[in-house]
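Structure first, then comments.
Protein chains: 2
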Amino acid sequence: MNTEEIRFALAQIDTCVGDLDGNARKVLEYARRAAHDNADVVVFPEMTLTGYPIEDLAFRATFRRAAWNTADRLAADLAEEGLGDLYVVVGTVGTERDSSLPQNRLVALHEGVVWAGYDKHFLPNYGVFDEFRIFSPGSHSMVLEVNGRRIGVAICEDIWQDGGPVSELAGRDIDVLLTINGSPYEEGKGDTRVDLGARRAAEVNAPLIYLNQVGGQDDLVFDGGSFVIAPDGTLLERSPRFMEDLSYWTLGARGQAPKASTLAAELDPDEEVYTACVLGLKDYMAKNGFTGVVLGLSGGIDSALVAAMAADACGGERVWGVSMPSMYSSDGSKDDAADLARNLGAHYDIQPIEPLFNAYQSQLELDGVAAENLQARIRGVIVMAYSNSKGLLALATGNKSELACGYSTIYGDAVGGYAPIKDLLKTRVWQLARWRNEAAKRGTGIGGLAVVGNESGSHGVPCEEIIPVNSIVKPPSAELRPGQKDSDSLPEYDLLDKVLAAYIEHAHGRADLLADGFDEQTVDTVMRLVDRAEWKRRQYPLGPKVTSLAFGRDRRLPITSRFRE
Amino acid sequence: MNTEEIRFALAQIDTCVGDLDGNARKVLEYARRAAHDNADVVVFPEMTLTGYPIEDLAFRATFRRAAWNTADRLAADLAEEGLGDLYVVVGTVGTERDSSLPQNRLVALHEGVVWAGYDKHFLPNYGVFDEFRIFSPGSHSMVLEVNGRRIGVAICEDIWQDGGPVSELAGRDIDVLLTINGSPYEEGKGDTRVDLGARRAAEVNAPLIYLNQVGGQDDLVFDGGSFVIAPDGTLLERSPRFMEDLSYWTLGARGQAPKASTLAAELDPDEEVYTACVLGLKDYMAKNGFTGVVLGLSGGIDSALVAAMAADACGGERVWGVSMPSMYSSDGSKDDAADLARNLGAHYDIQPIEPLFNAYQSQLELDGVAAENLQARIRGVIVMAYSNSKGLLALATGNKSELACGYSTIYGDAVGGYAPIKDLLKTRVWQLARWRNEAAKRGTGIGGLAVVGNESGSHGVPCEEIIPVNSIVKPPSAELRPGQKDSDSLPEYDLLDKVLAAYIEHAHGRADLLADGFDEQTVDTVMRLVDRAEWKRRQYPLGPKVTSLAFGRDRRLPITSRFRE
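Those protein sequence lines, which keep their order, are chains A and B.
Just so we're aligned: the first sequence equals residues 1 to 565 in my numbering.
Just so we're aligned: the second sequence equals residues 1001 to 1565 in my numbering.
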């Protein structure tokens, strides 16, 4: 073996926030495999031991102490197993005692000790990130020496900002730049990361290793897709997306051209988004101890897609679909719901709401929107009854277009603990439904996940279509009054979704939207609906607004967390 | 007039986020009054023109531009009215164009122009504050010269942190330190601010003016209580709490001892908390356009106190109390609810839930907790039906103790857009109910707010007690099964509230709680309940968890905001 070569193992794992022992066990298991395959260095994602993001757990002294003990014990365990030679690079929470906030830290475990600490310099505080609130920043770059080679290190945001540690490392003659990341999935972000990686590799004039975590954590999905890239932009290694993985890449001896390794196949855009939704739900269930889900099946496309995703996440036999027809439900809708449940191998119950609606109306005599909301809320009560009595996770089936416009009933169809398609515009919902049906016909897997009905007969039915075509092609309707259509209240979805993308995603103001070429009436309608819906949504959280007395501070802790003290 | 003297007007006003025109109109009105009373300088709270806190409105270019135009126009309007001599100190959003984030800025309007900008240095990012996320910090202290005297300025957090602008001003020979604030209410915080003010006044060796905003804004209540304090700790002026105010204080000529002005009376602790709750609700209603409220009246103490607060906020005739008895409701409870509504002059409807419960049960056959939750959810549907059909704000009546322990039903009694007593422990609820009855008997006002029933006959009933004594003294029960008592599931409230204060408010871990002297069984019970409830609450938000695709970013905008673009 050329002592100048370094064999890196890229351990793209799925951690759980607060599960210090479980995360450490997984590190040990992957380190064993890496050592068996002759790796010199095994690299894990940002905040490996604690999970990421830890939110206000950072403030708990008991948590920080437990994390430090875990790192110490893990280093000792590795050495005891004869793995002391291996450099095990993990992320964890910092130990500084003279600072009021801890650090987001990278450490190397080697020869039985916790060695070499680097603290994240840039603490992101935008979008879904809140790190400046809970961490104190590091101020120095760090170079790790292994086999006489110089490994510069950085953590996630450090490579997204100019200056700071990467710019320092450019002057420190490093052989490789190693970055550990907890970078949440966004559509198209894989390419953005590779472009960025190429830029930073060129900046430091050395290959860059980008190691990302994978898996769902609360409202985030991490997509993995780790890679190694050369300073000239050549991709040297690419790990798969949306699954745990252990891949290898070797830094060649000094003066040699960088060696290429395996490149995992890329996903098509629909498969990528669908898989992200399924993985998010699957991990949310697993990490929170849910083994089944319940949702209302209306016969419409939204609940159909959510049911398919749920079946892909946990198996059709763990999905309870409840049809809750009213006096306004069409026969077609009821048939479509039943067909879907059969295709998925899901449980299927029918709970008519007309008798309940009449019982309320004999007391309340509601009309208009109040009467429409009443129907949705009766369904919400039924879904929660299934959730409570069977211990199922209730799924909300709203899509981004209708939620953005407030075309949804608070405490009604909005009821649920998880909303798998809340971020999909309606036009995307249709696309994914078609894509899912085609995947079933092709019999192909979905981003490596186990899939329901991908071969005929897996649930005793030939799955030429999973989602009934009628659910995809019929005009969308809430069916809360006779003959109601979404288009009575909203612009056609093709147009609406374009305006929503510009207004919400790209923060275009009214003048910008008109300059985009949208007509004035549509712009004003959509802006009014969105602003009103946002106000309603903020106004009616489950835990309603409170006056902030001394006692009013909410702790912000992860939903999914195994840490209890 | 001694030209060396400066007469300050302290304009403690209630602004509304995003209501640029309305806020500017109010500044103009107070400036007129101040000029009429011969003030040289009139001081307004932090972020006067924009309202505070503005959250993600800071990111909107249309909003920032509109705010700058408002400041320009206001300066011109002041000059046109002949008020150009007056120095008008207001807060607003910064104008810097080369920074990605705007500033939290203080400006002086004088002689028709926007003059002298100081940018907040310390951007709080803890507890309810999120400023580092939306603002860029200033880096220089500023001294404003008026009549040859030197006025150092600072914004809110700048005086809470050591170092920074105050420490710079200590070396700049200032005559007075002027601070503008948006400091939210916490119990006992008034004294903390005065102690801090004294410390900073001593540091700069000059009197300190502390000008705070007043009023409710979303989930915060600002309590006013502006003051002026001498370097030796003598209070020179104190404005009232929980109401708008215009007071004066004169900085004496050089070499003179500081002059004292009027000191508003202090409130007793129960009155302070009660008034904070009422003001928060009152402003939330006014700023969001609600003219009435609906709540379930169970006959218990929580709904009774909330109803009394609501009547104090908007008048009994704008309160709809709905009694929703079940087969488990006692006659006493129904009588207490009716008596309360009569005392308050509130609307009172009875909506029995037994027929509805039976209708659901004929389909669902629930038992145990699922059947208990069903009752609470039927009530939630009824409250929301009133809210929808009459345009009323639904009030949730849960207290801190039961919410912390999860003794509450999601989508049931937790339904509502505002929760006036969510931050009051149960023992405090009882105290405030007793205090409110005594205030009614004394016929005194409540923190300067208009009060229902503070003299007999105001609603045609003699108000010897507003809240029925029986509601205060009977053992608390959810009445969801025969003979149920809170104490079946929870420790006695005297003990529970002490453990909750230690565990939640003071973040004591298990070992700390045992060292506090609580017994092991109680500690473990309470920790288990609280952790489980927190998990449930985070898990079932109204807008459920989503996978974070590109579209997943939520805008964080104020609920109460008048800005629409």
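C-beta atoms are modelled at their ideal positions from N, C-alpha and C, and glycine is treated no differently.
Min CB distance residue i to chain B below 7 Å
i, result
"A:S389", "yes"
"A:Q351", "yes"
"A:G619", "Outside the displayed range of chain A (1 to 565) lies residue 619 of chain A, so it cannot be described from this structure."
"A:Y493", "no"
"A:L305", "no"
"A:R65", "no"
"A:N125", "yes"
"A:N212", "no"
"A:P355", "yes"
"A:F132", "yes"
"A:T92", "no"
"A:L34", "According to the sequence provided, residue 34 of chain A is Ala. The question's Leu does not apply to it. Judged by the 7 Å Cβ criterion, A:A34 is not in contact with chain B."
"A:L169", "no"
"A:N373", "yes"
"A:A385", "yes"
Of the listed residues the options, nearest to residue i (C-alpha basis)
i, options, result
"B:V1041", "B:G1084, B:E1372, B:E1080, B:L1074", "B:G1084"
"A:M324", "A:D14, A:K287, A:A478", "A:A478"
"B:T1015", "B:S1100, B:Y1407, B:D1245", "B:D1245"
"B:P1236", "B:S1247, B:M1243, B:N1212", "The identity of residue 1236 of chain B in the sequence shown is Leu, whereas the question assumes Pro. Among B:S1247, B:M1243, B:N1212, the Cα nearest to that of B:L1236 belongs to B:S1247."
"B:A1230", "B:G1252, B:A1310, B:F1242", "B:G1252"
"A:D336", "A:G300, A:G315, A:L356", "A:G300"
"A:W621", "A:G171, A:D195, A:E145, A:L211", "The requested residue 621 of chain A is not part of the displayed model; chain A covers only 1 to 565."
"B:G1163", "B:D1173, B:H1140, B:R1149, B:V1278", "B:H1140"
"A:G233", "A:G215, A:R254, A:M243, A:R193", "A:R193"
"A:D524", "A:W535, A:E534, A:Y503", "A:Y503"
"A:R436", "A:N343, A:G117, A:N288", "A:N343"
"B:E1081", "B:D1056, B:L1106, B:R1033", "B:R1033"
Residue i classed as buried or exposed, judged by whether at least 16 other C-beta atoms fall within 10 angstroms
i, result
"B:H1506", "exposed"
"A:D158", "buried"
"B:G1368", "exposed"
"A:V473", "exposed"
"A:T291", "exposed"
"A:K426", "buried"
"A:P475", "exposed"
"B:E1566", "Residue 1566 of chain B is absent from the model: chain B starts at 1001 and stops at 1565."
"A:H121", "buried"
"A:D339", "buried"
"B:G1216", "buried"
"B:G1460", "Because the pLDDT at B:G1460 is just 34, under 50, the model does not fix this residue reliably, and the value given afterwards should be weighed accordingly. Looking at its Cβ environment, which holds fewer than 16 other Cβ atoms inside 10 Å, B:G1460 is exposed."
Chain A within 7 Å of residue i, Cβ atoms only
i, result
"B:Y1274", "no"
"B:V1429", "no"
"B:A1370", "yes"
"B:F1008", "no"
"B:Q999", "The structure shown does not extend to residue 999 of chain B, since chain B spans only 1001 to 1565, so no value can be given for it."
"B:Q1484", "no"
"B:Q1363", "yes"
"B:Y1052", "no"
"B:T1062", "yes"
"B:Y1411", "yes"
Using 8 Å as the cut-off, can you tell me whether the region 268-283 of chain A makes contact with the region 193-209 of chain A, which would need three or more C-beta pairs spanning the two stretches below that distance? no
Mind the definition here: the region 1245-1261 of chain B touches the region 1018-1028 of chain B only if three or more C-beta pairs lie below 8 Å; say whether that holds. no
* Secondary structure, beta strand (DSSP E): runs of 3+ residues fully inside the region 188-268 of chain A -> 208-212, 214-217, 220-223, 227-229, 235-238, 245-251
- Task: Evaluate contact between the region 394-403 of chain A and the region 289-306 of chain A, counting only Cβ atoms and requiring at least three cross-stretch pairs below 8 Å.
- Result: yes
Does the count of Cβ pairs from the region 184-195 of chain A and the region 216-232 of chain A closer than 8 Å reach three? yes
Could you tell me whether the region 347-365 of chain A touches the region 1355-1366 of chain B, where touching means 3 or more Cβ pairs closer than 8 Å?
yes
Open item on the list: Check whether the region 1041-1057 of chain B and the region 1301-1318 of chain B are in contact - that is, three or more C-beta pairs closer than 8 Å.
Closed with: no
Check your understanding: Counting pairs of beta carbons, one from the region 1419-1439 of chain B and one from the region 1487-1498 of chain B, are three or more of them closer than 8 Å?
Key -> yes
Which runs of the beta strand (DSSP E) spanning at least 3 residues fall entirely within the region 462-547 of chain A, listed in chain order? none
- prompt: For the region 314-346 of chain A, which segments carrying the alpha helix (DSSP H) assignment without a break, of at least 4 residues, lie completely within its bounds, in sequence order?
  reply: 331-344
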